[in-house]
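Novice: Mind having a look at this structure? Questions to follow.
Residue numbers (the UniProt record's numbering): 1 to 259.
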């Protein structure tokens with residue numbers, strides 16, 4: 001399917017690896033020029049070059065934590081009039097809520113609620129004026145299914161969801177949509193446990209780990225960043241202009257609900 005976004009400009013946050021990389025790859029395949037971002041210089045450079053080599057689109061690398069105002073400014077300077085914004089950021093680590101102090105709570109809320117709101121504030125009016133905009137927020141299935149120990153991440157992302165539910169309805173008449181993708185168990189570094197990013201995993205150990213983690217998933221497997229990215233690209237396409245304010249679980253059927 002031609003997504004109708006060839007030549008569009010996209011900012012994809014936290015896109016050097018994992019789900020963000022999957023989204024960046026899919027948008028590049030659709031013909032979008034990209035601003036990619038990450039905190040590891042080597043991984044970011046590798047992803048950017050891989051995208052250039054595969055798809056021949058323009059790719060600008062912005063190194064740093066997207067939660068930092070100076071990094072946001074650098075991304076927006078590199079792409080002041082984006083057509084597409086994919087919000088993504090790492091969440092707070094698993095920890096008992098009793099160990100959280102005010103500083104940690106505010107840091108988590110900044111990472112997973114304040115930062116995407118700030119970026120949306122910066123781009124939404126330009127999108128509306130130009131008559132096209134697609135904003136996709138990568139949140140978490142924990143917005144619907146609380147996970148003890150990820151309370152801060154879940155709360156911040158749920159706050160973002162509620163905050164944007166009303167905002168989404170104010171710009172749909174100008175062909176700007178805001179939707180969220182809620183990943184369940186996808187095969188990313190977050191499910192691999194402590195290790196150095198980008199390091200290979202023993203194939204037998206990997207198969208055992210994936211089988212164990214996906215045992216309660218109806219699909220009986222982990223999702224991939226590539227298929228996650230393709231769903232993101234569709235939400236950014238010209239074909240999704242009548243879909244807004246929605247939360248799309250990408251979870252292999254793990255979240256059980258008829259509505």
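Quick reminder that beta carbons are idealized off the backbone N, C-alpha and C, glycines included.
1) Between which two residues does the beta strand (DSSP E) harbouring residue 47 extend?
2) Look up residue 187 in the DSSP assignment and say whether it is helix, strand or coil.
3) Looking only at its chain, what residues have a beta carbon closer than 8 Å to the beta carbon of residue 306, apart from the 5 residues adjacent to it on each side?
4) Does the distance from the C-beta atom of residue 112 to that of residue 153 stay below 8 Å?
5) With DSSP as the reference, please indicate the residues paired to residue 86 in a beta bridge.
6) Alpha carbon to alpha carbon, how far is residue 232 from residue 179? Give it in angstroms, no decimals.
7) So, helix, strand or coil for residue 70, using DSSP?
8) Could you check how far apart the C-beta atoms of residue 184 and residue 141 are, in whole angstroms? I think they sit under 8 Å.
9) Helix, strand or coil: which one does DSSP assign to residue 182?
10) Using three-state DSSP, classify residue 38 as helix, strand or coil.
11) For residue 31, which residues in the same chain have their Cβ closer than 7 Å to its Cβ, ignoring the five residues on either side in sequence?
12) In terms of alpha-carbon separation, which member of 27, 171, 203 lies closest to residue 52?
13) Within this structure, are the beta carbons of residue 127 and residue 176 separated by less than 8 Å?
14) Could you check what DSSP says for residue 201 in three-state terms: helix, strand or coil?
15) Taking the alpha-carbon positions, what's the residue 147 to residue 174 distance?
16) In angstroms, rounded to a whole number, what distance separates the CA positions of residue 227 and residue 64?
Specialist: The structure says:
1) Under the DSSP assignment, residue 47 falls outside any beta strand (DSSP E), being part of the alpha helix (DSSP H) whose first and last residues are 41-55.
2) Coil.
3) The chain is shown only over 1 to 259; residue 306 falls outside these bounds and no answer can be derived.
4) Yes, they are a contact pair.
5) BP columns for residue 86 point to 12, 136.
6) The alpha-carbon atoms of residue 179 and residue 232 are separated by roughly 10 Å.
7) Helix, per DSSP.
8) Between residue 184 and residue 141 a beta carbon distance of about 4 Å is seen, short of the 8 Å cut, so the two are scored as contacting.
9) Assignment of residue 182 by DSSP, reduced to helix, strand and coil, places it in the strand class.
10) Three-state DSSP puts residue 38 in a strand.
11) Excluding positions up to five away in sequence, the list reads 5, 6, 7, 57.
12) Closest option to residue 52, Cα to Cα, is 27.
13) It is a contact, given that the beta carbons lie within the stated cut-off.
14) Residue state, collapsed to three classes: coil.
15) Rounded to whole angstroms, the gap between the alpha carbons of residue 147 and residue 174 is 37 Å.
16) Using only the alpha carbons, I get a separation of about 26 Å.
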